[in-house]
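Below you'll find the structure, written out as structure tokens, and then a few comments.
And the structure:
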């Protein structure tokens with residue numbers, strides 16, 4: 002048993018990851034209501050022998066923490082307008098033989114109904130699958146069982162993804178909405 006699986010087990014968490022180990026994919030993760038989501042997600046993916054990068058607010062990439070985050074796959078998200086994160090990530094996908102990246106469409110741990118659409122554009126432009134990951138604190142279960150193929154109708158795609166996440170409960174349920 003690897004250390005990630007062991008740590009999750011002693012904490013009472015179960016992992017159910019059944020999607021194929023794609024060489025390239027986006028892992029859409031929700032609900033995102035706590036910094037613990039990051040730790041649990043990294044542990045769960047490692048528990049099945051997989052590695053994934055992640056997007057994180059650029060402000061977290063200060064010395065020495067930034068070195069650690071970059072070493073474990075972190076990609077800083079700039080706050081400034083005018084930078085095209087979608088283009089940057091598509092370029093990374095196109096120039097990598099293997100790349101999985103976890104993205105939280107809520108973009109914040111606070112309650113928001115305005116989820117970010119960038120991951121859908123990235124998947125379309127880079128021609129990579131989206132797998133749907135959920136961290137359910139009520140059941141202490143981390144799952145990645147389903148895939149989503151985006152269409153040209155981004156609003157309909159976002160509605161379908163939000164509907165998928167309705168049954169899941171975040172660490173702080175009051176901070177999560179699919180409306």
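Residue numbers (the numbering used here): 2 to 180. C-beta: ideal position from N, C-alpha, C; glycine also.
When burial is assigned at 16 or more other CB atoms within 10 Å of the CB, is residue 32 buried or exposed?
buried
Under the three-state reduction of DSSP, which class applies to residue 19: helix, strand or coil?
coil
In its own chain, which residues sit with a C-beta less than 7 Å from the C-beta of residue 141, not counting the 5 before and 5 after it?
13, 14, 15
In this structure, does DSSP put residue 73 in helix, strand or coil?
coil
Is DSSP giving residue 154 helix, strand or coil here?
The DSSP-derived three-state label of residue 154 is coil.
Of the residues 110, 71, 103, 6, which one's Cα is nearest the Cα of residue 129?
103
How big is the Cα-Cα spacing for residue 69 and residue 55?
Straight-line Cα distance between these residues: approximately 13 Å.
Less than 8 Å between the beta carbons of residue 53 and residue 28, yes or no?
yes
Residue 122 and residue 87: beta carbons closer than 8 Å?
yes
Where does residue 119 sit, in a helix, a strand or coil, going by DSSP?
Residue 119 falls in the helix class under three-state DSSP.
Out of 30, 41, 62, 42, point me to the one whose CA is closest to residue 107's CA.
30
Here's the rule: buried if 16 or more other CB atoms are within 10 angstroms of the residue's CB, otherwise exposed. What is residue 19?
Burial call: exposed.
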